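Participant:
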DNA sequence: CTTGAGATGTTCT
DNA sequence: GAACATCTCAAGA
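In the numbering used here, the protein residues as written are 500 to 706.
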């Protein structure tokens, strides 16, 4: 019998992504992000996210209008926005808000729950489990996400987000908020959300 | 654990 | 040119 895992649960309904961006960001914590390729399924529980809302947020991609790169951020909610970061990494966002508005939630870290061997194969043999998906570029590498996944449906067969089964859950996640990481504009907006105390969260220790 | 440098490509000034 | 929603590695405390 197949081992229980959020990877086998049904995708969240499209309506999940029509909530306001900050509500989606908080609600994503504790959900399972799953990825299928020919090599198999890999998945993890979301433990850290950041919200970006171009209408009111100078740090957001899409602030000041669409560009070719940010096109899918203006698209319909419930899709992926994947961009290249610092020339060599990729970052995965969940698009929110109605089409025409640029808003998204950056997935910053996962606690790996499924397909760990696959992740190690992609990330390297010396990488500790804790580090497999700790950071937005790292998790994209672990899940083999690239620009070809930009615009992908998050309720689809190859990439989806689902409720996490009870036996994989730690309990009700204690959610904390803080300023976002690695930005230089709108630095005071407390739009980074993470599971307090999780060792899989990027950045500094969280107490 | 910390700090600091370098890699690397697209976008913006 | 400069900046960038980052990561890895090496060296030090």
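Backbone N, C-alpha and C fix where the C-beta goes; we use that ideal spot for every residue, glycine too. These numbers come from a predicted model, not from an experiment.
(1) Mapping DSSP to helix, strand and coil, what is residue 649?
(2) Excluding the 5 residues flanking residue 500 on each side, which residues of the same chain have their C-beta closer than 7 Å to its C-beta?
(3) Measure the Cβ-Cβ separation of residue 694 and residue 547 and say whether it is below 9 Å.
(4) Report the CB separation of residue 644 from residue 573 in whole angstroms; it is logged as a contact under 8 Å.
(5) Take the Cβ of residue 556 as the centre, count every other Cβ of all protein chains shown within 10 Å, and call the residue buried at 16 or more, exposed below.
(6) Any chance you could list the alpha helix (DSSP H) runs of at least 4 consecutive residues sitting entirely within the stretch 508-560, in chain order?
(7) Cβ atoms of residue 543 and residue 613: under 9 Å apart, would you say?
(8) Consult DSSP for residue 591 and reduce its assignment to one of helix, strand or coil.
(9) Let's see if you can read the secondary structure: which residues bound the beta strand (DSSP E) around residue 795?
(10) Assuming residue 632 is part of the beta strand (DSSP E), what are its boundary residues?
Facilitator: So, to answer that:
(1) coil
(2) Interpretation of residue 500 is limited by its pLDDT of 49, a score under 50 that renders its predicted location unreliable; the figure taken from the coordinates is listed afterwards. Cβ-Cβ distances below 7 Å link residue 500 to nothing in the same chain once the five nearest sequence neighbours on each side are left out.
(3) yes
(4) 20 Å between Cβ atoms; not a contact.
(5) buried
(6) 520-527
(7) yes
(8) strand
(9) With the chain running from 500 to 706 in the structure shown, residue 795 is simply not present.
(10) No beta strand (DSSP E) contains residue 632, which DSSP labels as neither H nor E.
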